[in-house]
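Student: Starting off with a structure, shown below.
In the working numbering, the protein residues as written are 104 to 625.
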């Protein structure tokens, strides 16, 4: 069980490593909803071929994943859909690639994919255009939620007049549509940031805000900075957006190049977008603060971003090693649990006969009771003479020398006993009620009616023969109280090193008992 838990934890960590890792722009959705990813291209170009990949693996059409022009649809997202996506559009000899990251989480409403800024008392418009949630099949209804609660408002566009400060929050557009006879939901969330008065109409860095981006040394990358400038488009003429690295201007490094664009979004708010292109990430860039600053007559603001060396491959390798170790641990645990069954199966497939031919022994085991007849010996005798014969010999084809069955000649009893032990691969001794009363009988083994009993010196000869032949000994004892100090030293040593098989004389031995007994018969 420990190995299984370790394996599952390692696998979950390994899967989580393939998801979005400190990406600058992440698209959010929630499990079980429909979601679409767009491949940016020139819509007027004909005969365009689109190829989608997720974590470098090609995506194919399934009952859950559909392609519609430059859009890929997930009709019902799963947590495993999270990851890094890349779209390649090919037309003529020109190839354009777009990269994006999708984060699928549990819940009712997704995290914001966009933001909007409005002043207290202003008019605010929200639109859920086809560029955000395109039409898939038959559109049934469009609902609006605020902070994941229904507002009762419907339609692709909604408006608020004289918006109060309480209007700040997350607005989710929920599109309900029907496709191939099934109903699906798709949603998109916009965060509304409210400012109180004219004094707060100063520029603001929306992204980054103390962000860390992982990258490898020598790679080419770009850093994005999004800023809010104001309500009037004329303010762009008085606004400056620039980057610094470790409080030095980017002109100091030939690897850094800035690019600035402006745009007007909802409610006539003006935003700026500055891109810092890094042709080659130098090792000295790691740990240095990359600061994006916006400044105009209304004020200034700054956001900081740090580059961190990408240790994803190292972590992925560690996770993979952990996963392999987890598999090994689980496999070892399963082998230890089923070791007896596996080894017995291998023996049944031919190993047993091969081993027997190698050591040239006539018997798999020499079976006897110890100390001999007495109270409770009838059950031990039944185990030795009947049950072992039925199970081990008749069912599993083993050859046993059972004392009391195979040596009926009294005159050569001692010699036959010694010879049988020498010709056996294992000795099985059935211990039953070891007590001074039993030993006083001076009996060694259960015998058939009319057979003479062996005295104490002959019992000692049995132990000497076992010790001299260095044959493995298997002790089988019942559940009664047994005085193990009465055993000979050689048998006490066996019990201390390898223990003894337990059985209950009042019930039939279990299948596990027989498996353990067969397993110990090397």
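We treat Cβ as the ideally placed atom computed from N, Cα and C, and that holds for glycine. If you're wondering where the values come from, they're calculated on a predicted model, not measured in any experiment.
On the premise that residue 617 lies in contact with residue 494, defined as a C-beta separation below 8 Å, what is that separation, rounded to the nearest angstrom?
Tutor: As a position in the chain shown, residue 494 is number 391, starting the count at 1. As a position in the chain shown, residue 617 is number 514, starting the count at 1. Contact between residue 494 and residue 617 is confirmed by a C-beta separation of about 6 Å, below the 8 Å threshold.
Student: In chain order, what are the residue ranges of uninterrupted beta strand (DSSP E) at least 3 long that sit wholly in the region 231-297?
Tutor: As summarised for the region 231-297, the continuous beta strand (DSSP E) elements at least 3 residues long and confined to that stretch are 241-249, 252-257, 260-263, 272-282, given in chain order.
Student: May I have a chain-ordered list of the beta strand (DSSP E) segments no shorter than 3 residues that lie completely inside the region 157-206?
Tutor: 168-171, 174-177, 186-194
Student: State the CB to CB distance for the pair residue 263 and residue 216, rounded to an integer number of angstroms; the pair is presumed to be in contact (CB under 8 Å).
Tutor: Mapped onto the chain shown, residue 263 falls at position 160. Mapped onto the chain shown, residue 216 falls at position 113. Their Cβ separation, rounded to whole angstroms, is 20 Å, which puts residue 263 and residue 216 out of contact at 8 Å.
Student: Can you give the Cα-Cα distance for residue 178 and residue 130, rounded to whole angstroms?
Tutor: As a first step, residue 178 must be located in the chain shown, where it is residue number 75. As a first step, residue 130 must be located in the chain shown, where it is residue number 27. Straight-line Cα distance between these residues: approximately 16 Å.
Student: Nearest-angstrom Cα distance between residue 554 and residue 595?
Tutor: On the chain shown, residue 554 is found 451 positions in, with the first residue counted as 1. On the chain shown, residue 595 is found 492 positions in, with the first residue counted as 1. At residue 554 the pLDDT is 40, less than 50, meaning the model places this residue with poor confidence; the figure from the coordinates comes in the next sentence. Between residue 554 and residue 595, the C-alpha separation is close to 29 Å.
Student: Measuring alpha carbon to alpha carbon, tell me which residue in 578, 403, 139 is nearest residue 173.
Tutor: Here residue 173 corresponds to residue number 70 of the chain shown, with the count starting at 1. It is 139.
Student: Per DSSP, residue 580 forms a beta bridge with which residues?
Tutor: Within the chain shown, the letter at position 477 stands for residue 580. According to DSSP, residue 580 bridges with 534, 605.
Student: Here's the rule: buried if 16 or more other CB atoms are within 10 angstroms of the residue's CB, otherwise exposed. What is residue 468?
Tutor: To locate residue 468, count along the chain shown from 1; it is residue 365. Buried is the call here.
Student: Buried or exposed for residue 449, going by 16 or more other Cβ atoms inside 10 Å?
Tutor: Working through the chain shown from its first residue, we reach residue 449 at position 346. By the 10 Å Cβ count, residue 449 comes out exposed.
Student: With a threshold of 16 other CB atoms inside 10 Å of the CB of residue 621, please say whether the residue is buried or exposed.
Tutor: Within the chain shown, the letter at position 518 stands for residue 621. The residue is buried, with at least 16 neighbouring Cβ atoms inside 10 Å.
Student: With a threshold of 8 Å between beta-carbons, can residue 371 be considered close to chain C, or not?
Tutor: In the structure shown, chain C cannot be found, because there is only a single protein chain.
Student: So what does DSSP say about residue 404, is it helix, strand or coil?
Tutor: Counting from one through the chain shown, the residue named residue 404 turns up at place 301. Residue 404 falls in the strand class under three-state DSSP.
Student: Taking only the alpha-carbon atoms, compute the straight-line gap between residue 626 and residue 247 and give it to the nearest angstrom.
Tutor: Because the chain spans 104 through 625 in this model, residue 626 falls outside it and cannot be assessed.
Student: Determine the contact status of residue 394 and residue 347, defining contact as a CB-CB distance below 8 Å.
Tutor: Numbered from its first residue, the chain shown carries residue 394 at position 291. Numbered from its first residue, the chain shown carries residue 347 at position 244. Result yes, Cβ atoms of residue 394 and residue 347 sit closer than 8 Å.
Student: Sort 508, 349, 268, 492 by Cα distance to residue 501 and report the nearest one.
Tutor: Sequence index remark: in the chain shown, residue 501 carries index 398 (1-based). The residue with the shortest Cα to Cα distance from residue 501 is 492.
Student: How about residue 525 and residue 519: do their beta carbons lie closer than 8 Å?
Tutor: Within the chain shown, the letter at position 422 stands for residue 525. Within the chain shown, the letter at position 416 stands for residue 519. No. Outside cutoff.
Student: Taking the beta strand (DSSP E) that residue 394 falls in, what are its first and last residues?
Tutor: Mapped onto the chain shown, residue 394 falls at position 291. From DSSP, the beta strand (DSSP E) with residue 394 extends over 392-399.
Student: Please report the distance separating the alpha-carbon of residue 527 from that of residue 472.
Tutor: Reading the chain shown from its first residue, position 424 is the one you call residue 527. Reading the chain shown from its first residue, position 369 is the one you call residue 472. Their backbone Cα atoms lie some 16 Å apart in a straight line.
Student: Could you please give the first and the last residue of the uninterrupted alpha helix (DSSP H) stretch that includes residue 328?
Tutor: Taking the first residue of the chain shown as 1, we reach residue 328 at position 225. That residue, residue 328, is in no alpha helix (DSSP H); its beta strand (DSSP E) goes 324-333.
Student: Could you tell me which residues DSSP puts in a beta bridge with residue 527?
Tutor: In the chain shown, residue 527 corresponds to position 424, counting from 1. The partner list for residue 527 (beta bridge, DSSP) reads 466.
Student: Please report how far the alpha carbon of residue 427 lies from the alpha carbon of residue 137, in whole angstroms.
Tutor: As a working mapping, residue 427 is identified with position 324 in the chain shown. As a working mapping, residue 137 is identified with position 34 in the chain shown. The alpha-carbon atoms of residue 427 and residue 137 are separated by roughly 35 Å.
Student: State the start and end residues of the unbroken alpha helix (DSSP H) segment that holds residue 446.
Tutor: Mapped onto the chain shown, residue 446 falls at position 343. 442-449 is the extent of the alpha helix (DSSP H) around residue 446.
Student: For residue 150, count the other beta carbons within 10 Å of its own beta carbon; 16 or more makes it buried, fewer makes it exposed. Which is it?
Tutor: Residue numbering aside, residue 150 sits at position 47 when the chain shown is read from its first letter. So residue 150 counts as exposed.
Student: Taking C-beta to C-beta, are residue 344 and residue 430 nearer than 8 Å?
Tutor: Residue numbering aside, residue 344 sits at position 241 when the chain shown is read from its first letter. Residue numbering aside, residue 430 sits at position 327 when the chain shown is read from its first letter. Contact flag unset, no.
Student: Which of the three DSSP states, helix, strand or coil, is assigned to residue 422?
Tutor: Taking the first residue of the chain shown as position 1, residue 422 is located at position 319. Three-state DSSP puts residue 422 in a helix.
Student: So what's residue 226 in DSSP terms, helix, strand or just coil?
Tutor: Walking along the chain shown from the start, residue 226 turns up at place 123. Here residue 226 sits in coil by DSSP.
Student: Near residue 259, which residues of its chain fall below 8 Å by C-beta distance, leaving aside the five closest residues on each side in sequence?
Tutor: By 1-based counting over the chain shown, the position of residue 259 is 156. Excluding positions up to five away in sequence, the list reads 230, 231, 232, 245, 276.
Student: Just reading off the alpha helix (DSSP H) that residue 622 is part of, what are its end residues?
Tutor: Working through the chain shown from its first residue, we reach residue 622 at position 519. 614-623 is the span of the alpha helix (DSSP H), which, as asked, contains residue 622.
Student: Evaluate contact between the region 183-200 and the region 153-172, counting only Cβ atoms and requiring at least three cross-stretch pairs below 8 Å.
Tutor: In short, these stretches touch, since the Cβ pair count reaches three.
Student: With distances taken between CB atoms, is the gap from residue 408 to residue 381 smaller than 8 Å?
Tutor: Mapped onto the chain shown, residue 408 falls at position 305. Mapped onto the chain shown, residue 381 falls at position 278. Taking 8 Å as the Cβ cut-off, residue 408 and residue 381 do not qualify as a contacting pair.
Student: According to DSSP, what are the bridge partners of residue 152?
Tutor: The count along the chain shown starts at 1 and reaches residue 152 at position 49. Residue pairing by DSSP places residue 152 opposite 193 in a beta bridge.
Student: Counting pairs of Cβ atoms below 8 Å between the region 306-315 and the region 202-209, do you hit three or more?
Tutor: no
Student: Could you tell me the distance, in whole angstroms, from the CA atom of residue 50 to the CA atom of residue 141?
Tutor: Because the chain here runs from 104 to 625, residue 50 falls outside it and cannot be looked at.
Student: With DSSP as the reference, label residue 545 as helix, strand or coil.
Tutor: Along the chain shown, one-based indexing puts residue 545 at 442. Residue confidence is low: residue 545 scores 38 on pLDDT, short of 50, so the model does not pin down where it sits. Its coordinate-derived value is still stated next. Residue 545 falls in the coil class under three-state DSSP.
Student: Grab me the residues of residue 170's own chain with a C-beta within less than 8 Å of its C-beta, minus the 5 sequence neighbours each way, in chain order.
Tutor: As a first step, residue 170 is located in the chain shown; it is residue number 67 there, counting from the start. 153, 155, 164, 176, listed in sequence order.
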